[in-house]
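Using our numbering, the first residue of the sequence shown is number 30, and each one after it goes up by one.
C-beta atoms are modelled at their ideal positions from N, C-alpha and C, and glycine is treated no differently.
The structure presented is a predicted model; accordingly, all values stated were derived computationally and were not measured.
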Amino acid sequence: MTLENIKLDVDYARSKFPAFKDELSKDWIFCENAGGSYVPENVINRLNKFMTSTKVQPYAEYAMSKIAGEQMDSAIELFANMINAQKNEILIGGSTSINLYVLSNALKSLIKSGDEVIVTNQDHEANISPWRRLEEVGAKIVEWKINSINGELEIETLEKLLNKKTKILALTHCSNIVGSINNLKKITKIAHTFNTIVIGDGVSYAPHGFPDVKELDVDFYTFSLYKTYGPHLGLLYGKESILKNLPNQNHEFLKGQYPYTLNPGGPNHEELASIIGIFEYMLEIYDHHFQNKELNILEKIKNINYLISKHEEFIANPILEFLHENKNVNLIGKNIIKEKNRAPTIAFTVKDMQSEIIAKKLVEKNIATRNDNFYAWRCLKALGINTDDGVIRISLTHYNTIQEAEKIINTLDQIV
Ligand SMILES: Cc1ncc(COP(=O)(O)O)c(C=O)c1O
């Protein structure tokens with residue numbers, strides 16, 4: 030069977046997530062995945078096992094400690110393989126917001142007065158405010174503004190902003206409001222002609238398929254593990270060639286021991302070990318659908334990504350079509366997913382109705398969602414949307430079903 034003919038077995042995927050059987054959550058349509066996803070049993074079991082038998086200080090020679098350390102190292106190595114990085118290019122921190130703040134603090138050392146830093150107004154604030162703070166050390170902050178009609182970041186606009194003084198460009202790989210996937214590979218290539226360091230925020234991208242950071246050639250890339258089926262942690266990738274020259278922000282004696290130099294302290298051990306469960310879950314998905322066991326992890330991930338994208342396209346497009354065709358609805362972003370141009374993160378407002386009221390009505394029908402600005406308040410502002418009431422966001426992922434999509438459409442049809 031060719032890749033195009035294989036369909037995601039969504040029942041199989043769901044069978045791995047205890048939340049779909051849990052008394053409290055089983056009757057809900059969960060569509061707040063862009064806020065934080067459910068976790069598969071593999072992650073829960075790993076966490077439980079670590080807490081039960083290896084919850085000691087890692088890296089000593091006694092068994093419990095040795096295994097604890099091995100699991101933490103293995104978690105990093107597996108994730109490095111999954112995103113095509115080296116293990117000394119991966120840093121695990123409390124969240125993406127923390128990781129980017131810590132990174133901006135380190136990159137301060139590269140900024141001279143008059144250097145320029147480009148931020149967007151499409152991003153979540155986590156990838157804006159740490160870079161705007163570089164103004165304190167003399168950087169000029171330049172904003173790459175979205176097209177206020179369609180919400181898109183246009184490359185032609187960026188090309189007018191980049192110049193030899195541009196030291197940093199921070200942008201999202203996928204907007205958590207507009208849903209569009211920005212062409213990070215092309216943008217990075219253009220920015221590199223000016224020796225600009227590119228920081229990609231993959232928080233809204235990675236849950237729909239792990240990136241290949243070497244193919245993107247981005248200098249730093251971040252995503253939140255709690256949105257990619259894991260515990261509340263953030264992963265930061267940094268190119269070794271840059272990481273190794275950044276100042277040590279950790280204990281003095283750790284000088285030179287990158288990537289540990291970036292973060293002033295280590296990650297949550299048990300949660301780090303539990304992300305092996307994400308890898309295990311992905312492999313189970315692979316083995317359930319594909320025959321060829323010879324592929325390496327990265328190749329397997331690429332096949333899974335394809336499977337997931339096809340399914341997400343299948344379930345999200347009817348909702349996008351419904352919202353697009355309803356004249357009371359202001360759908361934000363593209364109205365169809367085609368060749369991964371967009372994530373199934375669907376935000377909208379409704380004419381003469383508060384988003385808060387609509388979110389409440391959806392919740393009354395057991396559709397788990399909310400209204401908010403989702404910390405992308407600059408994006409909402411640029412689109413002329415009230416940042417307090419915000420948008421309603423239906424964010425799907427691969428374990429959502431077509432039946433759920435149909436119920437969302439029927440419910441919305443009654444409301445709007
Ligand atoms: C696109 C995007 N970037 C960054 C963040 C911040 O992530 P964290 O909660 O891990 O700090 C979020 C969180 O919702 C997000 O959606």
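By the 16-neighbour rule on beta-carbons within 10 angstroms, Tyr91 is exposed.
For Thr378, the three-state secondary structure derived from DSSP is strand. Straight-line measurement puts the Cα of Glu300 at about 14 Å from the Cα of Glu70. When DSSP reads this structure, Glu172 sits in a beta bridge with Val148. Asp230 has its Cβ nearer than 7 Å to a heavy atom of ligand 1. In chain order, Leu198, Thr217, Ala220, Val247 and Asp248 place their CB closer than 6 Å to the CB of Val227, counting only its own chain and leaving out the 5 sequence neighbours on each side.
If the five residues before and after Tyr287 are omitted, its C-beta is found closer than 8 Å to the C-beta atoms of Asn117, Glu269, Leu272, Lys273 and Leu275, all from its own chain and listed in chain order. Residue pairing for Ser177: DSSP places it in no beta bridge. Thr125 places its beta carbon 8 Å or farther from that of Ser233.
In the same chain as Thr257, and ignoring 5 residues on each side of it, the C-beta atoms closer than 6 Å to its own belong to Ala235 and Pro236, in chain order. Between the stretch 291 to 311 and the stretch 119 to 137, the count of Cβ pairs shorter than 8 Å is three or higher; the stretches touch.
Not a single heavy atom of ligand 1 lies less than 7 Å from the C-beta of His318.
Within the chosen limit of 7 Å, ligand 1 reaches the beta carbon of Ser126 through at least one heavy atom. If you draw a straight line from the Cα of Glu323 to the Cα of Asp316, it comes to about 11 Å. In terms of CA proximity to Gly238, Ile314 leads the group Ile314, Asp56 and Arg399.
In the structure shown, Glu90 falls within a coil segment according to DSSP collapsed to helix, strand and coil.
The residue among Phe351, His340 and Lys380 with its C-alpha nearest the C-alpha of Lys369 is His340. Judged by beta-carbon spacing, Gly362 lies within the 8 Å limit of Ser209, meaning their Cβ atoms are closer than that value. Counting along the chain, Arg161 sits inside no beta strand (DSSP E); it lies in the alpha helix (DSSP H) bounded by residues Ser158 to Arg161.
Between the stretch 349 to 358 and the stretch 43 to 52, the count of C-beta pairs closer than 8 Å stays below three; the two stretches do not touch. Look at Gly263: its beta carbon is less than 7 Å from one of the heavy atoms in ligand 1. Around the beta carbon of Ala89, a 10 Å sphere encloses fewer than 16 other beta carbons of the protein chains shown; the residue is thus reported as exposed.
Under the DSSP assignment, Lys196 falls in the beta strand (DSSP E) whose first and last residues are Thr195 to Thr201. The bridge partners DSSP lists for Val227 are Leu198. In terms of Cβ geometry, Thr378 and Val420 form a close pair [threshold 8 Å].
Taking a C-beta distance under 8 Å as the contact criterion, Ile326 and Asn110 qualify as a contact pair. Phe308 has its alpha-carbon roughly 11 Å from the corresponding atom of Lys329.
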